[in-house]
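I have placed the structure first, in the form of C-alpha cells, so that the comments after it can refer back to it.
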Amino acid sequence: MGRYAVRRLLQMIPVFIGSTFLIFFMVYALGDPVAAMFGDRAPDPATAAQIRRDLYLDEPLWKQYLHYMGQIFQGNFGTAFNGQSVTELMASAFPVTLRLTIVAVVIEMVVGIVLGVFSGLRRGRDIDTTVLVLTLVVVSIPTFVSGYLLQFVFGVQWGWAAPSVAPEAPLNELLLPGLVLALVSLAYVTRLTRTSIAENARADYVRTALAKGLPRRRVITRHLLRNSLIPVVTFIGTDIGALMGGAIVTERIFNIHGVGFQLYQGILRQNSPTVVGFVTILVLVFLLANLLVDLLYAVLDPRIRYA
1217 MGRYAVRRLL QMIPVFIGST FLIFFMVYAL GDPVAAMFGD RAPDPATAAQ IRRDLYLDEP
1277 LWKQYLHYMG QIFQGNFGTA FNGQSVTELM ASAFPVTLRL TIVAVVIEMV VGIVLGVFSG
1337 LRRGRDIDTT VLVLTLVVVS IPTFVSGYLL QFVFGVQWGW AAPSVAPEAP LNELLLPGLV
1397 LALVSLAYVT RLTRTSIAEN ARADYVRTAL AKGLPRRRVI TRHLLRNSLI PVVTFIGTDI
1457 GALMGGAIVT ERIFNIHGVG FQLYQGILRQ NSPTVVGFVT ILVLVFLLAN LLVDLLYAVL
1517 DPRIRYA
C-alpha cells in the first residue's frame, strides 16, 4: 500500500504540471491582462510596458509559467487587479465553499445511498420505479431552475430557510444551498447504488452467505454494501472537486462569497491572477480526492491489493 501511494503521488506531478500549464496558457496567452486592468480606457504605452515588466508578462510564455510555479511554491499566488492578494481571497473564499461542499457531499451520500439500497433491494417494484423516475426528473432540471425554485418555496414562501446566506456563511444557512448543489449528484449516487446493489445481490458470495445462515442485515451491510459501494465512492471522490468548482451557480443564487463567487468575478473582470490561482487549487483538490478514492478501494474490498 505504501509503494502504491508513493507511485500515485508521483503520477500526480505530471498531471498537475500539464493541467496548470493549460490553464495558464488559456488565461494569459488568449487574453491581455494589462488591457483588462484598464477596461475601456487605452493605457499609456509606457505605463503598460512597465506593468508588463513588473508582472513578468514581457517574457516568453514558458518563462512566465516557470516564474508563476516558483511563486506558488513560495505561497505567492499573485495580486488581483484590485490590489488584494489572491492568497487573502482564497483564505476568505475556500472555507466557505468547503463548508458548502461538505454539506452537499453528506446529503448526497446519506440520501443517495439509502435510496439506492432500498431501490436496489426491491428491483422492479413500485418503490424502485418511483425512485428511478424521481432521479430522472432531478437530473433533467438545471441547477439554476431548481435553485431559484427551492429558494422561493423554502426561503420566501414558507420561511424555513434564509433565502440569502450571510457573509459569515453559518452552517445552518448552508443547508438549503447544499441541497441545491447536491441534487444532481444525489440522483447519480442513487442510480449508481441501485444498479450496483441489484447486480451484486445475485452474486455467488451473497447466496453463500445466506446459505450459511447469516442474518440478512449482516449480509447486506458487511458483504453486499461494501462491494457495491466501490463505483459510488469513485463517483463521490471525483465529485468533490466538481462540487467545489461547480458551485458558481449555487453561490450566485444564494449570494455566497465562496470560490464560485470569486471565479465568477475574476472571469467577468478578466482578473487573470485570481482565475489561475483558484483553478490551480481546484486541480489539487481533484488530484487529492482521486488519490483518496484509490486508497479507499482496499478498505471497501479486501480482494483488492496493491503491490
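Position in the sequence shown (first residue = 1) + 1216 = the numbering used here.
We treat Cβ as the ideally placed atom computed from N, Cα and C, and that holds for glycine.
This structure is a prediction, so every number in the text was calculated from the model and none was measured.
Nearest-angstrom Cβ-Cβ length linking residue i and residue j, presumed shorter than 8 Å
i       : j       : result
GLY1336 : ALA1417 : 7 Å
VAL1321 : ILE1452 : 7 Å
PRO1501 : GLY1457 : It should be pointed out that residue 1501 corresponds to Val in this sequence rather than to Pro. VAL1501 to GLY1457, Cβ: 5 Å. Contact.
ARG1224 : ASP1455 : So it is not a contact: roughly 19 Å between Cβ atoms.
GLN1367 : PHE1470 : 7 Å
TYR1513 : ILE1446 : 6 Å
ILE1329 : THR1409 : 5 Å
ILE1343 : PHE1334 : 6 Å
From the options, residue whose alpha carbon lies closest to that of residue i
i       : options                            : result
GLN1287 : SER1412, THR1496, LEU1512, ILE1318 : THR1496
GLY1332 : VAL1349, LEU1316, ALA1320, LEU1479 : VAL1349
LEU1282 : GLN1266, PHE1241, LEU1365, PHE1477 : PHE1241
VAL1319 : GLY1291, ARG1485, PRO1393          : PRO1393
GLN1280 : SER1301, PHE1297, ALA1296, ALA1245 : ALA1245
LEU1503 : GLY1474, PHE1477, THR1450          : THR1450
Residue i to residue j span [Cα, whole Å]
i       : j       : result
THR1303 : PHE1293 : 6 Å
THR1490 : ARG1434 : 51 Å
ALA1463 : ARG1423 : 43 Å
VAL1400 : VAL1347 : 14 Å
VAL1222 : VAL1499 : 19 Å
MET1228 : MET1460 : 20 Å
THR1236 : LEU1277 : 13 Å
ARG1442 : ARG1315 : 27 Å
ARG1268 : VAL1396 : 42 Å
ILE1239 : MET1285 : 12 Å
LEU1484 : VAL1465 : 14 Å
GLN1486 : VAL1492 : 11 Å
LEU1390 : MET1306 : 19 Å
PRO1383 : ALA1425 : 53 Å
ASN1388 : GLN1373 : 18 Å
Burial state of residue i (16 or more Cβ within 10 Å)
i       : result
ARG1407 : buried
PRO1431 : exposed
ILE1233 : exposed
THR1317 : buried
THR1345 : exposed
VAL1448 : buried
Original post:
Any contact of the region 1373-1380 with the region 1308-1324, i.e. 3+ C-beta pairs under 8 Å?
Top reply: Contact between the region 1373-1380 and the region 1308-1324 is absent, because fewer than three Cβ pairs lie under 8 Å.
Original post:
Between the region 1434-1444 and the region 1355-1372, are three or more C-beta pairs nearer than 8 Å?
Top reply: Taking a contact to require three or more Cβ pairs closer than 8 Å, the region 1434-1444 and the region 1355-1372 do not qualify as touching.
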